[in-house]
Every structure is written in structure tokens, then in C-alpha cells.
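J.: This is the structure, below, for whatever I ask next.
In the UniProt record's numbering, the protein residues as written are 1 to 399.
The following block contains the structure:
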């Protein structure tokens with residue numbers, strides 16, 4: 001198949017694709033040496049048409065493609081959509097809508113946690129994808145027929161997968177479950193992260209407010225540097241260095257030179273000046289302005305054994321409903337339910353997740369539900385004395 005390389009060709013292809021109520025979409029990109037992904041190829045397919053676009057073609061205007069992504073009448077179907085949406089948002093300043101992510105839908109339909117596209121193709125379509133072109137340098141031209149075939153397979157099989165999953169969701173009454181997930185996936189704040197929030201991407205190994213203040217300030221500085229220079233975050237400074245800086249809190253170049261994670265001589269560079277400014281800015285904050293660890297990443301006291309029981313319950317209900325555990329509740333959410341109970345900001349206690357798991361989870365920690373091992377199987381059963389136990393507990397508390 002010939003790649004689209006001109007604006008006229010792209011406009012004609014989009015005109016044909018818009019005759020359908022859905023379009024499958026995939027992108028090929030390179031980002032190993034840059035902060036922003038470099039879009040190389042766009043693949044599109046409807047039931048009757050396919051197109052493969054050379055996004056690097058000189059003079060090519062992608063306006064028609066972005067218009068298609070914004071067309072509310074056409075569902076844009078992706079598999080594992082986040083990185084594709086990130087590229088579209090960066091280049092076109094828009095979030096595709098409406099969107100259907102087959103990886104999310106597959107989890108809701110019981111295909112396991114984050115199933116890979118080639119596995120989904122095999123299980124639903126019964127086809128095998130040749131993955132030998134998976135690590136192609138998509139910037140090189142010309143692309144071979146084998147590479148083009150590999151790229152197109154990412155959207156042609158996706159048509160059948162979409163129709164299959166859509167039908168399954170409708171039959172099971174779970175369409176709204178996926179639509180709820182798509183609202184999160186297509187929220188602008190998911191992709192338009194402020195540099196001051198970059199620290200929330202890091203694993204929270206630290207607890208003290210002063211350490212978190214330095215962590216936040218240095219992570220924000222690194223985010224701005226990486227974006228401005230268009231280099232990966234790790235090329236500016238590694239995560240391990242950020243943690244050490246947050247703990248050691250160097251105020252000058254001499255103190256920085258003693259850090260294990262800082263390369264020798266780096267403390268005299270121009271970037272080091274900006275980094276030290278970020279550290280001192282954080283250290284000079286009033287204590288009341290220093291951050292506290294977000295609830296979602298704290299290790300709540302009292303979680304312990306209750307959390308372990310909740311994990312067993314999660315496995316039971318997800319097996320019963322034929323849905324992946326990962327899409328119902330995370331480990332952090334389970335820990336918080338165990339420690340805090342019915343908190344408003346825990347996703348597992350909202351919407352369809354509450355119906356499937358959340359209500360039973362609250363019953364379990366409140367003593368209204370128990371896990372029973374019988375005939376070599378574990379079952380969740382209502383505790384017959386739950387009401388009496390609750391009343392007695394209230395009386396004891398009052399006394």
C-alpha cells in the first residue's frame with residue numbers, strides 16, 4: 001500500500017473514512033531521545049477504507065486528521081490509547097472524542113489485566129501478527145512493504161476487535177462501565193500536567209514535609225528543563241538524584257558535589273545553578289506551605305490484615321463478574337478502604353466499581369460480610385450476627 005504524503009491525499013482519505021460511524025487509529029513514533037514524541041506514521045481504518053499517513057512528509061498539513069479526531073459523530077477506536085492521545089494533544093492541542101479503548105474494554109470483558117494487542121488479535125480474530133517489525137525506526141524512509149503491513153495490521157484487526165467487544169459490552173450491560181473509563185482517559189488534565197505536579201509521578205519514598213517540598217521543587221525544575229530542551233527527564237537529572245537531593249538538601253555547589261548521584265563536576269554547570277535555586281526556594285518555604293503526602297500514596301495505618309482480606313474479596317468478585325481486577329481497584333485503593341472506610345475520593349467506591357466491589361468491601365470491613373472456606377472454595381457470605389454485633393459495638397462505645 002502507498003503511504004499518503006500530501007495534504008490533498010490526506011483530505012481525500014479522511015473524506016472516505018468519515019462515511020463510517022467509527023475509525024480505528026494507531027500511531028508510530030520515536031521518543032527515546034526526546035521529551036516530546038516524534039510522530040512518524042498514522043494508521044487509520046474504517047469498515048471500508050484504510051489509510052497510512054507519512055507524518056514526516058515535507059509540507060504535509062495534518063489539519064484534516066485533527067478534524068477527524070474532533071468529529072463527535074465518529075468513535076475513535078484505539079488499543080492502549082494514552083500515548084496516541086498524548087501525541088495528538090501535543091501536536092493538535094485537542095483530545096480525540098469520543099474514544100473507545102479496546103484494552104480497557106477487554107479488561108471489562110474478562111480478558112485479563114492490560115492485554116497486549118497481538119494477544120487480543122489471536123483470541124478474538126484468530127490471526128497471528130508478525131512482530132518482527134515491532135522495533136522499526138519509523139523515521140527511516142522508505143518503509144518496506146513488510147513494515148507497512150505490520151503498521152496496517154494495528155488498525156485492520158482492530159475493526160473486528162472493536163465490534164466484538166462492543167457487542168459483548170452491550171450484551172452484558174457494561175457499556176457504561178467503559179464510558180466511565182473513557183471520561184478519565186480523555187480528560188484534558190490527564191495530558192496537560194503542570195510542572196508543579198511532576199513530583200506526583202515519582203514513587204513516594206519520602207515522608208517529611210521538607211523533603212517533599214524539595215522533591216516537588218526539583219521535579220518541577222526538571223520538568224521545565226526537559227520540555228524546553230526536548231530531552232527525556234532522565235537526561236536532565238535521574239530520579240535517584242532527585243531523591244538524594246530531597247534528603248540531603250544541598251544549598252550550594254560544594255554541598256552538591258558531595259552527593260553520590262551527581263556526576264563529578266556537574267555542580268559547576270549552568271543547569272546546577274537552576275537546580276540549586278529550586279532547592280533553596282523549597283527550603284525557604286514556610287512550614288505551612290510545604291506539601292503533605294497525598295492520601296492516594298500514603299501507607300495508611302490499620303490497613304494490614306483487612307487489606308489482605310479485601311484483596312481476596314476483590315479476586316472473588318472479579319472472577320464472578322468476569323472482569324480484570326486491575327480495572328476495579330488498585331492496591332492503594334484497597335489499603336485506603338481498609339484504613340478509612342467509605343471515603344469520597346476512592347475510585348473503587350464510585351460508580352459501577354462500587355456496585356461490583358465497593359459495597360461488599362465496606363460490608364466486609366464493617367463486619368457485615370465474611371469470607372467462608374467451604375468445599376475447597378472461598379465464598380463471601382453475609383454475617384448472620386452482623387446487625388447484633390454492630391448494635392453491641394455501638395452500646396459498648398456509648399458506655
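Even for Gly, the Cβ is constructed at its ideal location relative to N, Cα and C.
Identify whether residue 379 lies in helix, strand or coil by the three-state DSSP scheme.
T.: By one-based count along the chain shown, residue 379 stands at place 379. Correct three-state label for residue 379: strand.
J.: Could you tell me the alpha carbon to alpha carbon distance between residue 239 and residue 214, rounded to whole angstroms?
T.: As a position in the chain shown, residue 239 is number 239, starting the count at 1. As a position in the chain shown, residue 214 is number 214, starting the count at 1. If I take the Cα positions, the gap works out to 13 Å.
J.: Please report how far the alpha carbon of residue 371 lies from the alpha carbon of residue 380, in whole angstroms.
T.: For the purposes of this step, residue 371 is taken as the residue at position 371 of the chain shown. For the purposes of this step, residue 380 is taken as the residue at position 380 of the chain shown. Cα to Cα, residue 371 sits roughly 5 Å from residue 380.
J.: Nearest CA to the CA of residue 420: which residue from 269, 244, 377?
T.: With the chain covering only 1 through 399, there is no way to say anything about residue 420.
J.: Any idea what DSSP makes of residue 231, helix, strand or coil?
T.: For the purposes of this step, residue 231 is identified with residue 231 of the chain shown, where counting begins at 1. Residue 231 falls in the coil class under three-state DSSP.
J.: What residue range is occupied by the uninterrupted alpha helix (DSSP H) comprising residue 87?
T.: Counting from 1 along the chain shown, the entry for residue 87 is found at position 87. Run containing residue 87: 82-92, per the alpha helix (DSSP H) assignment.
J.: Under three-state DSSP, which class holds residue 396?
T.: Position 396 of the chain shown, counted from the start, is the residue given in the question as residue 396. Because residue 396 sits at a pLDDT of 37, beneath the cut-off of 50, its placement in the model cannot be relied upon, and the following sentence gives the value as read from the coordinates. It is helical.
J.: Compute the distance between the beta-carbons of residue 206 and residue 219, then report whether it is under 8 Å.
T.: For the purposes of this step, residue 206 is identified with residue 206 of the chain shown, where counting begins at 1. For the purposes of this step, residue 219 is identified with residue 219 of the chain shown, where counting begins at 1. Cβ atoms of residue 206 and residue 219: not closer than 8 Å.
J.: Assuming contact is defined by CB atoms lying nearer than 8 Å, are residue 44 and residue 69 in contact in what I supplied?
T.: Stepping through the chain shown from its first residue, residue 44 is reached at position 44. Stepping through the chain shown from its first residue, residue 69 is reached at position 69. For residue 44 and residue 69, no; Cβs fall outside 8 Å.
J.: Runs of 3 residues minimum, wholly inside the region 3-70: which ones carry the beta strand (DSSP E) assignment?
T.: Here the runs fully enclosed are 22-30, 38-45, 50-54.
J.: What is the DSSP secondary structure of residue 285, reduced to helix, strand or coil?
T.: Stepping through the chain shown from its first residue, residue 285 is reached at position 285. Coil, per DSSP.
J.: Under the three-state reduction of DSSP, which class applies to residue 135: helix, strand or coil?
T.: As a working mapping, residue 135 is identified with position 135 in the chain shown. Three-state DSSP puts residue 135 in coil, outside helix and strand.
J.: Please state if the CB of residue 248 and the CB of residue 259 are separated by a distance shorter than 8 Å.
T.: Position 259 of the chain shown holds residue 259. Position 248 of the chain shown holds residue 248. For residue 259 and residue 248, yes; Cβs fall inside 8 Å.
J.: Please report how far the alpha carbon of residue 364 lies from the alpha carbon of residue 307, in whole angstroms.
T.: In the chain shown, the residue the question calls residue 364 occupies position 364. In the chain shown, the residue the question calls residue 307 occupies position 307. Between residue 364 and residue 307, the C-alpha separation is close to 10 Å.
J.: When you compare the CB positions of residue 11 and residue 55, do they come within less than 8 Å of one another, or not?
T.: By one-based count along the chain shown, residue 11 stands at place 11. By one-based count along the chain shown, residue 55 stands at place 55. Going by C-beta atoms, residue 11 is not nearer than 8 Å to residue 55.
J.: Kindly indicate which three-state DSSP category residue 76 falls into: helix, strand or coil?
T.: Numbered from its first residue, the chain shown carries residue 76 at position 76. Reduced to three states, the DSSP call for residue 76 is strand.
J.: Sort 160, 327, 136 by Cα distance to residue 149 and report the nearest one.
T.: Along the chain shown, one-based indexing puts residue 149 at 149. Selected option, being the one with the closest Cα: 136.
J.: Do you know how far the Cα of residue 211 is from the Cα of residue 200?
T.: On the chain shown, residue 200 is found 200 positions in, with the first residue counted as 1. On the chain shown, residue 211 is found 211 positions in, with the first residue counted as 1. Distance between the alpha carbons of residue 200 and residue 211: 14 Å.
J.: Could you say which of 142, 77, 140 lies nearest to residue 166 if we only look at CA atoms?
T.: Numbered from its first residue, the chain shown carries residue 166 at position 166. For the residues 142, 77, 140, the minimum Cα distance to residue 166 belongs to 77.
J.: Keeping to the same chain, check which residues put their C-beta closer than 7 Å to that of residue 151; ignore five residues upstream and five downstream.
T.: Mapped onto the chain shown, residue 151 falls at position 151. Cβ within range, chain order: 28, 41, 43, 52.
J.: What residues in its chain sit with their C-beta under 8 Å from that of residue 242, if we drop five residues either side in the sequence?
T.: Counted from its first residue, the chain shown places residue 242 at position 242. Taken in chain order, the residues that qualify are 202, 215, 218, 219, 222.
J.: Are residue 75 and residue 100 close, meaning C-beta to C-beta below 8 Å?
T.: Along the chain shown, read from residue 1 onward, the residue named residue 75 stands at position 75. Along the chain shown, read from residue 1 onward, the residue named residue 100 stands at position 100. Cβ atoms of residue 75 and residue 100: closer than 8 Å.
J.: So residue 342 is in the beta strand (DSSP E); what residue range does that whole segment cover?
T.: Residue mapping note: residue 342 aligns to position 342 of the chain shown, counting from 1. Where residue 342 is concerned, there is no enclosing beta strand (DSSP E), given that its DSSP letter is neither H nor E.
J.: Comparing alpha-carbon positions, which option in 62, 227, 139 lies nearest residue 194?
T.: The residue you call residue 194 lines up with position 194 of the chain shown. It is 227 whose Cα lies nearest to the Cα of residue 194.
J.: With 16 as the cutoff for other CB atoms within 10 Å, does residue 358 come out buried or exposed?
T.: Translated into positions along the chain shown, residue 358 becomes position 358. Buried, by the Cβ-count rule.
J.: Once you ignore the five residues that flank residue 71 on each side, which residues in its own chain have a CB closer than 8 Å to its CB?
T.: Here residue 71 refers to the residue found at position 71 of the chain shown. Closer than 8 Å at the Cβ level, and outside the excluded window around residue 71, lie 18.
J.: Can you tell me the Cβ-Cβ gap for residue 122 and residue 114, rounded? I've got them flagged as a contact below 8 Å.
T.: Against the chain shown, residue 122 aligns to sequence position 122. Against the chain shown, residue 114 aligns to sequence position 114. Wrong, their Cβ atoms sit about 16 Å apart, outside the cutoff.
J.: How big is the Cα-Cα spacing for residue 271 and residue 280?
T.: Here residue 271 is taken as the residue at index 271 of the chain shown, counted from 1. Here residue 280 is taken as the residue at index 280 of the chain shown, counted from 1. Taking the straight line from one Cα to the other gives about 14 Å.
J.: Only counting the same chain, and skipping five residues up and downstream in sequence, which positions put a Cβ closer than 7 Å to that of residue 382?
T.: By 1-based counting over the chain shown, the position of residue 382 is 382. Within the same chain, residue 382 has close Cβ partners 368, 369.
J.: For my contact list, residue 124 and residue 160 are in at a C-beta cut-off of 8 Å; report their separation, rounded to the angstrom.
T.: Your numbering for residue 124 matches position 124 in the chain shown. Your numbering for residue 160 matches position 160 in the chain shown. 7 Å between Cβ atoms; contact.
J.: Just to check my reading of the structure: residue 329 and residue 314 have Cβ atoms closer than 8 Å, yes? What is that Cβ distance to the nearest angstrom?
T.: As a working note, residue 329 is residue 329 in the chain shown. As a working note, residue 314 is residue 314 in the chain shown. About 6 Å separates the two Cβ atoms, so the contact holds.
J.: Run through DSSP, which three-state label would residue 177 get?
T.: Position 177 of the chain shown, counting from 1, holds the residue named residue 177. Reduced to three states, the DSSP call for residue 177 is helix.
J.: Tell me, please, which residues DSSP counts as bridged to residue 369.
T.: Your numbering for residue 369 matches position 369 in the chain shown. Beta-bridge pairing links residue 369 to 382.
J.: For residue 389, which residues from the same chain have a beta carbon less than 7 Å from its beta carbon, with the 5 sequence-adjacent residues on both sides left out?
T.: By one-based count along the chain shown, residue 389 stands at place 389. In this prediction, residue 389 scores a pLDDT of 44, lower than 50, which makes its location untrustworthy; the coordinate-derived value is nonetheless stated afterwards. The answer, listed in chain order, is 367.
J.: Spell out the partners DSSP gives residue 99 in its beta bridges.
T.: The count along the chain shown starts at 1 and reaches residue 99 at position 99. 76.
J.: Please say whether residue 232 and residue 290 have beta carbons closer to each other than 8 Å?
T.: Start at 1 with the first residue of the chain shown, and residue 290 comes out as number 290. Start at 1 with the first residue of the chain shown, and residue 232 comes out as number 232. The answer is no: Cβ separation not under 8 Å.
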